[in-house]
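So the structure is just underneath, and the comments pick up after that.
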Amino acid sequence: MFICKIMKKKILLAGMIAVVSIAAFSSRTAHAATMSFISSASNPSIGDTIDVSVRVDSQGQTVNAAQGIIQYSKNILQVVSVEHSNSIFNIWAQEPSVNTSTGEISFLGGSTNSFSGGSLYVLDVTFMVRGTGLATLNFANAGVTAGDGTGSNILSSSTAISFMIGNGTPAPVTGQVSSVTSTPVVVQQVVPAPVQIKRPVVPTTTVPIAPVISVNLYPDQTAWYNTVGNFLAEWQLPVDVTDVATALNQDPQFAPTSSEGLFDNKTFGTLKEGVWYLHVRFKNSAGWGPVTHYRIAIDVTPPFPFTATIKEGSTTEVAAPTVQFSTQDQPSGVAFYRIFADGTLMGTTTETSFVPASLSFGSHDIEVQAVDHAGNVTASRLSVTLTMPPFLTIAGIKITEEIFFGTIIVVIVLGILIGWWIGRKEKNQRKNRVIIAGRDVSTGFNVVEKNIDKLLDASDNGSGESQMANIKFLLAETKEEIEKIKHYVSDDVEEIEQ
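Numbering-wise (my numbering), the sequence shown opens with residue 314 and increments by one.
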């Protein structure tokens with residue numbers, strides 16, 4: 314059993330390598346997904362660590378594997394660790410490996426499930442800063458495999474990231490930039506301080522109103538989002554406002570009290586997963602006004618992997634089989650499930666089972682997608698084969714339509730053959746009876762004719778006692794033959810004709 318499990322894992326890993334490799338270099342690609350780096354590093358210096366996360370935006374499609382080589386500035390950065398325990402991929406055909414001599418990190422991961430999201434987590438890399446200058450990270454030989462079973466590479470572009478370490482002007486990046494199409498280089502900058510506004514103070518006796526906040530990346534406070542990155546918050550400043558205080562944390566009722574000056578917008582750094590609150594309040598000559606608490610909910614993790622099943626079994630006679638599934642999601646929760654049959658959406662449900670419309674006989678590919686409130690998707694695929702149901706069930710024995718009508722045809726043919734054989738036999742019997750009847754009638758007439766001749770002779774020779782006895786015998790014999798002839802003529806011949 315242990316050997317079988319090892320062999321099965323090796324086969325699965327080999328298949329993953331083949332699928333992803335084919336996907337990464339296929340010329341028949343359907344580009345959509347992007348691969349990028351996410352980092353919240355701010356003004357790193359020598360000795361600092363930089364945490365970088367590799368993310369995939371599937372652009373609405375499902376993916377089940379990714380590969381690539383991360384090229385980094387080895388003279389400036391040193392790899393401290395590579396972590397993928399929370400990755401969407403749980404099968405690593407090639408564990409992330411670091412080559413310090415070339416400054417490369419290679420990886421190849423996949424999953425039996427497929428996922429969709431705006432910021433799917435692949436792995437994390439922690440670097441130590443060991444030099445100054447422009448430190449660049451970019452992808453080479455990258456590929457993302459579609460989760461629809463085709464093995465297509467859907468990666469359209471990958472984005473590099475750079476950090477300016479130490480003073481100086483960023484130098485142009487050369488040599489290490491590569492991707493499927495083009496790789497824009499993003500220079501990671503310190504989140505800029507808000508631009509201060511200078512204007513005369515307008516005295517007032519009432520505290521200012523609560524700010525009305527708009528956030529470009531997260532416009533709906535009631536929604537969950539699956540994208541992360543620096544974001545801009547803006548508000549209108551009343552003429553009497555002299556100070557603004559902001560804070561970003563996970564306390565829904567926090568009230569900032571430290572003035573940051575006067576400004577009408579501010580850029581904030583990348584948020585981690587969870588529910589956050591941006592707090593903004595105004596101050597004027599009368600004091601601090603009420604706080605506006607702007608909710609920002611981030612969920613970049615798809616629902617937990619799951620396995621969908623068919624209640625009636627993978628081979629069933631039920632035309633509308635029941636598809637069963639169940640999973641959970643953190644932190645936003647599962648919103649609903651989508652069920653596809655052969656690529657066609659059959660319906661959505663919030664339940665953990667679904668009965669699609671009747672399917673045709675044969676094999677069908679079923680996909681169940683669990684969608685959380687942020688739009689992240691985890692999909693499970695399976696196959697079901699529908700067979701012809703029995704036409705009849707007699708004493709627990711299932712009789713198909715083919716067997717039933719085949720049996721009827723055989724019975725009809727046998728009936729015709731038996732009827733033909735019986736008819737032929739009866740015909741032969743009638744023929745024999747006719748021959749016998751004709752012979753007996755002929756014999757009877759001969760006997761009658763002879764007896765009549767004898768009677769005539771006897772009547773010519775007198776009427777003695779012996780002659781009378783002889784006449785009686787002949788008459789009796791003649792009567793008997795006549796009765797026999799009558800039987801053949803009136804009964805047997807009529808029966809034979811029937």
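Heads up, the beta-carbon is just placed ideally off N, CA and C, and yes, glycines get one too.
I'd like the list of long-range same chain contacts for I564, defined as Cβ closer than 7 Å, with 5 residues on each side in sequence excluded.
Before going further, note that residue 564 is Asp rather than Ile in the sequence given. Closer than 7 Å at Cβ, skipping near neighbours: Y590.
### Query
Should D685 be labelled buried (16 or more other beta-carbon atoms within 10 Å of its own) or exposed?
buried
inquiry  = Just to confirm before moving on: does the CB-CB distance between T540 and L530 stay below 9 Å?
reply    = yes
>> Please state whether the Cβ-Cβ distance between T559 and E573 is less than 9 Å.
In response: yes
Exercise. Determine contact between the region 412-427 and the region 687-706, defined as no fewer than three beta-carbon pairs at a distance below 8 Å.
Key: yes
- Query: If you draw a straight line from the C-alpha of F619 to the C-alpha of P669, how long is it?
  - Reply: 20 Å
What would DSSP say about K321, mapped onto helix, strand or coil? Only weak support exists for where K321 lies, its pLDDT of 44 falling under 50; the coordinates are left without a value.
Check your understanding: Taking Cβ positions, are I379 and A453 nearer each other than 9 Å?
Key -> According to the sequence displayed, residue 379 carries Ala and not Ile. Cβ atoms of A379 and A453: not closer than 9 Å.
Quiz item: S377: buried (16+ other C-beta within 10 angstroms of its C-beta) or exposed?
Solution: The question names Ser, but residue 377 in the sequence shown is Asn. Counting Cβ neighbours within 10 Å, N377 comes out buried, since at least 16 surround it.
C-beta atoms of S645 and T698 nearer than 9 Å: no
- Task: Evaluate contact between the region 505-519 and the region 593-600, counting only Cβ atoms and requiring at least three cross-stretch pairs below 8 Å.
- Result: yes
Local conformation of M348 per DSSP, three classes: strand
key: C-alpha gap between A683 and T622, whole angstroms   = 14 Å
Worksheet entry | Three CB pairs or more closer than 8 Å across the region 732-743 and the region 655-672 | no
Could you check the C-alpha separation between I652 and P532 for me, to the nearest Å?
-> 30 Å
Query raised in the report: With contact counted as at least three CB pairs below 8 Å, one residue from each stretch, are the region 471-480 and the region 353-373 in contact?
Result: yes
Exercise. So which of N399, N764, Q372 has the shortest CA-CA distance to V435?
Worked result: N399
| query | Whole-angstrom Cβ separation of S465 and A346, contact assumed at under 8 Å? | reply | Their Cβ separation, rounded to whole angstroms, is 10 Å, which puts S465 and A346 out of contact at 8 Å.
### Query
Between V816 and E664, what straight-line distance do the alpha-carbon atoms span, to the nearest angstrom?
Since the first residue of the chain shown is 314 and the last is 811, residue 816 is not available in this structure.
Item checked: Beta-bridge pairing of R608 - partner residues as DSSP gives them -> Y590
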